[in-house]
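Heads up, the sequence shown is in this note's numbering, so the first residue is 4 and it goes up one at a time. Even for Gly, the Cβ is constructed at its ideal location relative to N, Cα and C. Everything numeric in this text was worked out from a predicted model, so none of it was measured.
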Amino acid sequence: MFQLNSAELQSSQSNLKLEIPMNDNPYYSRTDTSKLSVTDEQWKKVLPEDVYYIARKKGTERAFTGKFWDFEGIGTYYCAVCGNKLFKSDSKFASSCGWPSFFETDRPGSVIYADDTSHGMFRTEVMCGRCDSHLGHVFDDGPPPTGRRYCMNSIVLDFEPDK
Ligand code: FE
Numbered sequence: 004m005f006q007l008n009s010a011e012l013q014s015s016q017s018n019l020k021l022e023i024p025m026n027d028n029p030y031y032s033r034t035d036t037s038k039l040s041v042t043d044e045q046w047k048k049v050l051p052e053d054v055y056y057i058a059r060k061k062g063t064e065r066a067f068t069g070k071f072w073d074f075e076g077i078g079t080y081y082c083a084v085c086g087n088k089l090f091k092s093d094s095k096f097a098s099s100c101g102w103p104s105f106f107e108t109d110r111p112g113s114v115i116y117a118d119d120t121s122h123g124m125f126r127t128e129v130m131c132g133r134c135d136s137h138l139g140h141v142f143d144d145g146p147p148p149t150g151r152r153y154c155m156n157s158i159v160l161d162f163e164p165d166k
């Protein structure tokens with residue numbers, strides 16, 4: 004019952020590898036979905052400066068500069084701050100906006116929302132459902148079946164290709 008064949012063993016080993024905290028970030032986990040309560044001061048100690056600026060200071064990377072806006076890999080996108088599963092590549096679509104765009108999240112609790120009235124606009128901000136980090140915005144001009152466009156900053160996403 005507890006014997007693993009070699010393929011399963013390999014896959015359990017590679018799953019273990021994923022759990023090594025990235026950048027010495029002790030809050031990062033792809034399996035622990037419990038809500039985090041971490042101050043910006045604490046985040047600043049463990050996040051790269053550019054990730055911290057977007058995720059915790061609600062910055063926006065310049066269009067057409069991020070690593071994922073025209074990326075077509077098959078796999079899963081996680082929050083680069085905490086490891087929370089956010090999107091599958093089959094919900095990603097080619098958008099002309101210059102940021103990686105998805106029409107739906109991995110599950111209802113993947114992200115949370117807030118009204119954003121900054122810069123003279125009314126927008127809906129999208130934040131990570133586990134760590135509350137700023138990810139981007141969602142708009143109603145996306146493709147079927149949802150009509151939604153989750154417009155994300157590449158730098159707050161981690162991509163893991165399907166095996
Ligand atoms: Fe997160």
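Checklist entry - Using DSSP with H/G/I as helix, E/B as strand and the rest coil, what is Ser104? => result Taking the first residue of the sequence shown as position 1, residue 104 is located at position 101. In this structure, Ser104 counts as strand in the three-state DSSP scheme.
Next on the checklist: Since Cys82 and Val141 should fall inside the 8 Å C-beta cutoff, what is the C-beta to C-beta distance between them, to a whole number of angstroms?
Outcome noted: Within the sequence shown, numbered from 1, the residue matching residue 82 stands at position 79. Within the sequence shown, numbered from 1, the residue matching residue 141 stands at position 138. Contact doesn't hold; Cβ gap of about 16 Å is too wide.
Checklist entry - Comparing alpha-carbon positions, which option in Phe162, Gly112, Tyr153 lies nearest Ser98? => result Numbered from its first residue, the sequence shown carries residue 98 at position 95. Per the Cα distances, Tyr153.
Next on the checklist: Tell me whether the segment 100-119 and the segment 43-57 touch, counting them as touching only if at least three CB pairs, one residue from each stretch, are closer than 8 Å.
Outcome noted: Note that the segment 100-119 does not touch the segment 43-57; fewer than 3 beta-carbon pairs, one per stretch, sit closer than 8 Å.
Item to check | Whether Arg59 touches Asp73 by CB criterion (7 Å) | outcome: In the sequence shown, the residue the question calls residue 59 occupies position 56. In the sequence shown, the residue the question calls residue 73 occupies position 70. No. Outside cutoff.
Checklist entry - Since Tyr80 contacts Asp161 with CB under 8 Å, what's their CB separation in whole angstroms? => result To locate residue 80, count along the sequence shown from 1; it is residue 77. To locate residue 161, count along the sequence shown from 1; it is residue 158. Indeed they touch by this definition, with Cβ atoms about 7 Å apart.
Checklist entry - Taking 6 Å as the line, does the beta carbon of Ser32 fall inside it for any heavy atom of ligand 1? => result What you label residue 32 is simply residue 29 of the sequence shown in a count that begins at 1. Not under cutoff, so the answer is no.
Next on the checklist: Would Pro164 and Gly76 qualify as a contact pair, given that the criterion is a beta-carbon distance under 7 Å?
Outcome noted: Taking the first residue of the sequence shown as position 1, residue 164 is located at position 161. Taking the first residue of the sequence shown as position 1, residue 76 is located at position 73. Taking 7 Å as the cut-off, the beta carbon of Pro164 is found closer than this to the beta carbon of Gly76.
Item to check | Residues near Ile115 by beta carbon distance below 6 Å, same chain, minus five either side | outcome: The count along the sequence shown starts at 1 and reaches residue 115 at position 112. Met130, Gly132, listed in sequence order.
Checklist entry - Within 10 angstroms of its Cβ, does Cys85 collect 16 or more other Cβ (buried), or is it exposed? => result Residue mapping note: residue 85 aligns to position 82 of the sequence shown, counting from 1. Cys85 is buried by the Cβ-count criterion.
Checklist entry - What is the DSSP secondary structure of Arg59, counted as helix, strand or coil? => result For this step, residue 59 is matched to residue 56 along the sequence shown. DSSP, read as helix, strand or coil, puts Arg59 in helix.
Checklist entry - Of the residues Asn28, Val41, Lys38, Thr63, which one's Cα is nearest the Cα of Ser121? => result As a first step, residue 121 must be located in the sequence shown, where it is residue number 118. Per the C-alpha coordinates, the member of Asn28, Val41, Lys38, Thr63 positioned closest to Ser121 is Thr63.
Item to check | Secondary structure of Asp144, DSSP reduced to three states | outcome: Residue mapping note: residue 144 aligns to position 141 of the sequence shown, counting from 1. Note: Asp144 maps to coil in three-state DSSP.
Item to check | Between the CA atoms of Phe90 and Arg126 - distance to the nearest angstrom | outcome: Taking the first residue of the sequence shown as 1, we reach residue 126 at position 123. Taking the first residue of the sequence shown as 1, we reach residue 90 at position 87. Within the model, the alpha-carbon separation for Arg126 versus Phe90 is close to 20 Å.
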